[in-house]
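In my numbering, the protein residues as written are 3 to 441. The structure appears right after this line, and notes come after that.
Below, the structure written as structure tokens:
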């Protein structure tokens with residue numbers, strides 16, 4: 003049975019241009035730090051790749067730090083900014099519903115470095131409550147940094163990044179955006195978002211990854227504004243502005259750049275603009291997404307759409323449902339047996355049987371959160387893929403309902419303090435118990 007792949011938010015196909023660039027670059031000999039001809043040839047390829055990735059996010063090459071992926075980029079930004087600003091600040095403001103790369107990093111900062119982590123609540127569709135952020139920034143002098151997803155990797159809701167960046171800039175506080183899910187699906191221009199923010203304030207750092215937009219696994223980037231300073235995680239040869247020492251992976255960088263160039267476009271040596279596929283890809287995925295959402299809700303009337311119901315407010319390739327009364331894991335396995343690959347949430351938390359902390363942050367019940375299913379489309383997705391999912395869903399749902407909810411009460415629980423849940427929450431930022439969170 004041919005598998006229908008609808009888990010593109012976990013990873014997607016390697017683009018042919020990226021594969022070709024990777025293979026070609028593997029034959030390039032030379033350390034880019036060497037001054038001989040082979041070294042300088044390698045360095046030229048590396049710096050060309052850096053410029054191409056920079057252009058894809060509206061930046062300049064000096065601002066791109068190549069990393070081993072999105073998780074490393076997030077760690078580098080959050081820990082590096084915290085360590086640099088630690089003497090006078092203690093508070094980390096994190097928007098609810100973040101990816102575990104952020105959740106676990108700030109939990110580590112709290113447990114080992116003395117950070118006070120405050121969770122800024124979101125509304126029922128997963129969008130940050132700006133009034134709560136304003137209140138949290140009232141004492142800006144005690145805030146080390148703010149961190150937020152550009153768009154939710156789980157429910158697809160796009161955040162008001164310009165509004166948040168402007169607030170951080172006015173408060174004189176650095177903002178980090180996790181754009182791993184957004185890069186390749188939404189247009190990104192970091193300097194347009196940054197605006198006229200002062201040095202080290204407003205949007206200063208953004209994390210992206212190659213394999214979510216057609217590049218290889220194992221390479222990502224941190225955009226770091228020229229005005230921003232952070233303490234490195236790694237010490238050594240001082241490469242990449244001293245932020246990330248170590249000999250750089252030229253082949254991975256070249257493959258990442260090739261994927262970025264295809265998606266976002268490029269400018270030739272003669273100054274001629276070459277359009278990327280981003281706009282057409284978004285139209286294609288959005289059409290399929292809207293079909294899938296409408297069909298899924300019709301096939302299972304008890305299903306609930308998660309995230310922003312306005313198509314303009316969610317990622318083009320994201321559809322996320324809750325199926326109350328059944329386990330998302332059961333649905334996943336039943337659909338997989340029918341030849342449909344989907345997920346219950348972030349693949350980085352795969353295998354951990356717990357309710358979706360993202361849905362809990364949005365005020366949804368544990369029953370809803372345990373019945374979550376994420377269906378994500380890519381550029382290679384087809385109407386046939388959507389048809390196959392919709393055909394398999396009713397039977398899978400019926401079987402999952404018979405199985406019901408597991409009686410396992412030993413599963414980890416996610417604290418809801420400060421997550422803006424309905425009932426008793428005044429909508430303000432709250433600290434969370436890191437020990438309970440990481441249990």
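For each residue, glycine too, the CB sits at the ideal point set by N, CA and C.
Within 7 Å, strictly: CB atoms of residue i and residue j
i, j, result
"residue 70", "residue 52", "no"
"residue 233", "residue 87", "no"
"residue 337", "residue 262", "no"
"residue 334", "residue 402", "no"
"residue 256", "residue 396", "no"
"residue 195", "residue 205", "yes"
"residue 142", "residue 173", "yes"
"residue 76", "residue 180", "yes"
"residue 157", "residue 399", "no"
"residue 20", "residue 186", "no"
"residue 99", "residue 121", "no"
"residue 182", "residue 60", "no"
"residue 207", "residue 178", "yes"
"residue 145", "residue 175", "yes"
"residue 445", "residue 171", "As displayed, the chain neither begins before 3 nor continues past 441, which places residue 445 out of reach and without an answer."
"residue 15", "residue 382", "yes"
"residue 316", "residue 345", "no"
"residue 54", "residue 343", "no"
"residue 210", "residue 17", "no"
Residues bridged to residue i [DSSP beta-bridge criterion]
i, result
"residue 310", "Residue 310 pairs with nothing; no bridge assigned."
"residue 67", "224"
"residue 176", "204"
"residue 289", "Answer is none; residue 289 lacks a bridge partner."
"residue 91", "Beta-bridge pairing links residue 91 to no other residue."
"residue 149", "96, 178"
"residue 118", "93"
"residue 14", "Beta-bridge pairing links residue 14 to no other residue."
"residue 9", "378"
"residue 322", "376"
"residue 188", "185"
"residue 159", "316"
"residue 130", "124"
Cut-off 7 Å between Cβ atoms - residues of its own chain near residue i, not counting five sequence neighbours on either side
i, result
"residue 40", "31, 32"
"residue 252", "27, 30, 34, 44, 47, 48"
"residue 370", "306, 324, 326, 361"
"residue 299", "305, 307"
"residue 74", "222"
"residue 379", "8, 10, 287, 290, 291, 319"
"residue 358", "156, 347, 371, 374"
"residue 138", "95, 120, 122, 431"
"residue 192", "59, 60, 61, 205, 208, 225"
"residue 136", "169"
"residue 24", "218, 253, 256, 257"
Spatial neighbours of residue i in its chain, beta-carbon cut-off 6 Å, leaving aside the 5 residues before and after
i, result
"residue 266", "58, 278, 280"
"residue 221", "212, 254, 258"
"residue 284", "318"
"residue 198", "none"
"residue 368", "357"
"residue 103", "73, 76"
"residue 310", "127, 159, 316"
"residue 328", "373, 402, 403"
"residue 415", "Low local confidence applies: a pLDDT of 37 at residue 415 is under 50, so the model's placement there is unreliable, with the coordinate-based value given in what follows. Cβ neighbours of residue 415 beyond the five flanking positions: none."
8 Å Cβ shell around residue i - same chain, five flanking residues per side excluded
i, result
"residue 22", "260"
"residue 111", "80, 81, 84, 94, 117, 119"
"residue 107", "76, 77, 80, 81"
"residue 243", "64, 67, 226"
"residue 392", "294, 297, 298, 301"
Cβ-heavy atom distance, residue i to the ligand PLP, below 6 Å
i, result
"residue 47", "Within the structure as shown, the ligand PLP is missing, as the structure has no ligands at all."
Closer than 7 Å to chain B by CB, residue i
i, result
"residue 250", "Considering every chain present, this structure includes no chain B. It has just one protein chain."
Self-check item: Ranges of the alpha helix (DSSP H) found wholly within the stretch 200-275, counting only runs of at least 4
Solution: Contiguous alpha helix (DSSP H) elements confined to the stretch 200-275 occur at 252-266, taking only those with 4 or more residues.
Practice problem: Give a yes or no on contact between the stretch 123-132 and the stretch 152-168, applying the rule of three or more CB pairs nearer than 8 Å. | Solution: Verdict: yes, contact present.
Quiz item: Would you call the stretch 222-233 and the stretch 94-111 touching, i.e. three or more CB-CB distances under 8 Å?
Solution: Output reads no: the stretch 94-111 does not touch the stretch 222-233.
Practice problem: Say whether the stretch 384-400 touches the stretch 292-304, bearing in mind that this needs 3 or more beta-carbon pairs closer than 8 Å, one atom from each stretch. | Solution: Pairwise C-beta distances place the stretch 384-400 in contact with the stretch 292-304, as three or more of them are shorter than 8 Å.
Exercise. Return the chain-ordered ranges of every beta strand (DSSP E) run that is complete within the stretch 335-399 and spans a minimum of 3 residues.
Key: Fully contained in the stretch 335-399 are the following beta strand (DSSP E) runs of length 3 or more, in chain order: 374-378.
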